[in-house]
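J.: Counting from 2, one number per residue, gives the positions in the sequence shown under the working numbering.
Ideal placement from N, C-alpha and C gives every residue a C-beta, glycine not left out.
Since the structure is predicted, the reported quantities are computational estimates derived from the model, not experimental observations.
First the structure, which I've put down as structure tokens, then a few questions once you've had a look.
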Amino acid sequence: MGLEEDASLNEEARIVWSPEHMVTTPQPDFIVTTSQQNIQIMAGDTPTSILVNAELDSALPYAIVFAIDYERLADGLDVTFEREVVAASVVSDQITANVTASETMTGGHYMIPIVARSGLREHLLTIPVEVVTIQGQEGGTHLFLPVITQ
């Protein structure tokens, strides 16, 4: 009789697993853009303002923080923000990035890499700019050094 009792006890104590289901929900997101095109920056001149637009999902839980990716920014360009944070409580907002080019910078086309983060979400906005030097500008002596790579 001991074996019968053990068998009925094991049947009652079994664990039953239900089928596994994966549920995904859309994550709130945001978009960063600029409507400005053909941006020219004079080398050694006053800052040029670039407007950056932020469009947020209404359920975005965290503010958007703007920063510069300095590893991708060309030497001689300097970028500052008038305001670096967009609150999550708004649906759209606009910030201003002020860009200057040093007077020793050579003219050409460059990219300004702006990183926007909200929680784990991250977007990169690269803004093309053209640095223009003043023709006939007496800038002093230019020294060109060799490039050493490993």
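For Thr25 and Gly120, I'd like the C-alpha separation in whole angstroms.
T.: Whole-angstrom Cα-Cα distance: 18 Å.
J.: Within 10 angstroms of the Cβ of Ser19, are there 16 or more other Cβ atoms? Answer buried if so, exposed if not.
T.: The residue in question, Ser19, is exposed, as its Cβ has fewer than 16 Cβ neighbours within 10 Å.
J.: Using the C-alpha atoms, what's the distance from Val66 back to Val86?
T.: Spanning the two alpha carbons is a distance of roughly 5 Å.
J.: Report, in whole angstroms, the separation of the C-beta atoms of Thr58 and Asp79, which I expect to be a contact under 8 Å.
T.: The question names Thr, but residue 58 is Asp in the sequence shown. No, Asp58 and Asp79 are not in contact; Cβ-Cβ is about 32 Å, not under 8 Å.
J.: Does DSSP put Gln28 in a helix, in a strand, or in coil?
T.: Looking at Gln28 - three-state DSSP - the assignment turns out to be coil, as it is neither helix nor strand.
J.: Considering only C-alpha positions, which residue in the set Met112, Pro114, Gly109, Phe82 is nearest to Val48?
T.: First, the residue type needs correcting, since residue 48 is Pro and not Val in the sequence shown. Ranking Met112, Pro114, Gly109, Phe82 by Cα distance to Pro48 puts Phe82 first.
J.: Taking 8 Å as the limit between beta carbons, can you name the residues of its chain near Arg15, skipping five residues before and five after?
T.: Excluding sequence neighbours, Arg15 sits near nothing in its chain.
J.: Going residue by residue through the region 47-85, where are the continuous alpha helix (DSSP H) segments of at least 4 residues, counting only ones entirely within it?
T.: Segments of the alpha helix (DSSP H) lying fully in the region 47-85: there are none.
J.: Using the rule of at least 16 other Cβ atoms within 10 Å of the residue's Cβ for burial, across every protein chain shown, is Val92 buried or exposed?
T.: Exposed.
J.: For Thr134 and Pro62, what's the separation of their Cα atoms in angstroms?
T.: Using only the alpha carbons, I get a separation of about 44 Å.
J.: Please list, in chain order, all residues of the same chain as Val116 whose beta carbon is under 6 Å from its beta carbon, the five residues on each side excluded.
T.: So the list reads Ala68, Asp70, Leu125, once near-sequence residues are dropped.
J.: Taking 8 Å as the threshold (beta carbon to beta carbon), is Met112 in contact with chain B?
T.: Protein chains in the displayed structure number just one, and chain B is not present.
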